[in-house]
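Position 93 of the sequence shown, counting from 1, maps to 93 under full-length UniProt numbering, and the rest follow consecutively.
Taking it in order: structure first as structure tokens, then the write-up.
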Amino acid sequence: MSTQEFHRDRHIKFIQELDSKVTKQTYEYWLLEHLRLNGLYWGIMALATVNALDALPRDEVIQFVMDCYDKEEGGFAAFPGHDAHILTTLSGLQILFIYDRFDVIEGEKKDKILEFVMNQRCSGGSFRGDKFGEIDTRFVFAAVYILKMLKGLTQEIADGATDFILRCRNFDGGFGLLPGSESHAAQAYTCLGTLAILEQLDKIDNRTPSWLSERQVLPSGGFNGRPEKLPDVCYSWWVLLSLSMLKKSHWISFEDLEKFILECQDLENGGFSDRPDNQTDVYHTCFAITGLSLMFSSKYGMKPVDPIYCMPVDVTDRLST
Ligand code: GRG
1 MSTQEFHRDR HIKFIQELDS KVTKQTYEYW LLEHLRLNGL YWGIMALATV
51 NALDALPRDE VIQFVMDCYD KEEGGFAAFP GHDAHILTTL SGLQILFIYD
101 RFDVIEGEKK DKILEFVMNQ RCSGGSFRGD KFGEIDTRFV FAAVYILKML
151 KGLTQEIADG ATDFILRCRN FDGGFGLLPG SESHAAQAYT CLGTLAILEQ
201 LDKIDNRTPS WLSERQVLPS GGFNGRPEKL PDVCYSWWVL LSLSMLKKSH
251 WISFEDLEKF ILECQDLENG GFSDRPDNQT DVYHTCFAIT GLSLMFSSKY
301 GMKPVDPIYC MPVDVTDRLS T
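See the structure below:
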């Protein structure tokens, strides 16, 4: 049983202050421009999970997302004026979906987004991240997720993506970013998430949950991303929800994981770090909070989070309409 409390209000304040006048005067703020739209999604997702979505100005958020829209390519960039990328397109759409504001892309923009995603499709069923050509299972997941949201999935895309993902599975049950790459827990999430959206999880045997459950590092209780590495709070999400998709989350200790996550809080300034007493950031804050919600949403007064889509369940209910 953890003796730590969850400091909800401090975490809300931490997220609100990430875009303040003071932060904007720091070098680090501008160094992270290429992650801005992803960062906004992480902040919004954390706030939505703790029932505090109104802590950020809604209209300004939507305006920023739309300012990141790249009209030439048809996808969203990390920051106004940057190039569109499939991961930032997913983050932009997730934010709009959480706020129920898909009306702002209805019509021509929606068609262009679909075209942007389809332009990234490669032979062999995979997807590139952008015009520069890198291929990775993250991009396949993002493409399938976006096509699901925009109702653009076809049987051909589904079959190709399933084949590619299954080729990325290794002998140990884990998944890598390309066929033959080392198993990594975050990559397992993107592969299992793709298969879950495509209703192909029955292709997975018990080697996968077995490898995933071995990621819990004792005595810390946190998860690592691969054997012999240090635990990191973000894997609370990548591993736990992968196990949860496979209905095997009871193979790990919730109590030990909860204790580790709570130890990663900054008790003074809010936010979570990768490991206890390290520097906090919005990425680790998001996945610490969503991890806690996946285990104990009612205990912490949080919204239940959908393990496939990483959006609140009351939001993803709209995906089936
Ligand atoms: C809808 C939640 C959601 C995500 C969209 C972008 C994406 C899909 C998933 C990203 C998955 C991913 C690959 C995350 C990276 C996790 C991470 C901390 C990687 C660092 O790897 P190493 O090798 O760290 O630097 P380790 O922990 O192995 O030392």
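Glycine included, C-beta positions come from ideal geometry on N, C-alpha and C.
Judged by their CB atoms, ILE113 and ALA55 are not nearer to each other than the 8 Å cut-off. The shortest CA-to-CA distance from PRO231 to any of ASP205, LYS247, GLU263 and GLU134 is the one to GLU263.
PHE141: member of the alpha helix (DSSP H) spanning 137 to 149, first to last residue.
If you draw a 10 Å sphere on the C-beta of ASP274, you find 16 or more other C-beta atoms in it, and that means buried. Spatial neighbours of GLY43 in its own chain (CB-CB distance under 6 Å, excluding positions within 5 residues in sequence) are listed in chain order as ILE15 and VAL282.
In the structure shown, SER273 adopts extended strand secondary structure according to DSSP, grouped into three states. Checking the 7 Å criterion, the Cβ of ALA142 is within range of a heavy atom belonging to ligand 1.
GLY225 has its Cβ nearer than 7 Å to a heavy atom of ligand 1.
The count of Cβ pairs closer than 8 Å, one atom from the region 65 to 79 and one from the region 37 to 53, reaches three, so the stretches are in contact. GLU199 counts as exposed, since fewer than 16 other C-beta atoms from the protein chains shown sit within 10 angstroms of its C-beta. Closer than 7 Å to some heavy atom of ligand 1: that does not describe the Cβ of THR280.
For the 8 Å CB-CB criterion, ALA84 and ASP70 form a contact. In this model, ASP163 and SER126 are separated by some 9 Å (Cα to Cα). In the displayed model, PHE79 falls within coil according to three-state DSSP, outside both helix and strand.
In this structure, THR190 has its CB closer than 7 Å to one or more heavy atoms of ligand 1. Put simply, the region 24 to 33 does not touch the region 287 to 307. Fewer than three CB pairs are less than 8 Å apart. When the five nearest sequence neighbours on each side are left out, the beta carbons in the same chain lying within less than 6 Å of the beta carbon of ALA185 are those of ARG215, GLY225, TYR235, TRP238 and VAL239, in order along the chain.
Per DSSP, the unbroken alpha helix (DSSP H) holding MET245 starts and ends at 235 to 245. Residue nearest to LEU87 within the set PHE139, GLY301, LEU192 and LEU18 is PHE139 (criterion: CA-CA distance). Under the three-state reduction of DSSP output, PRO312 falls in the strand class. It is roughly 25 Å from the alpha-carbon of LYS248 to the alpha-carbon of GLY180.
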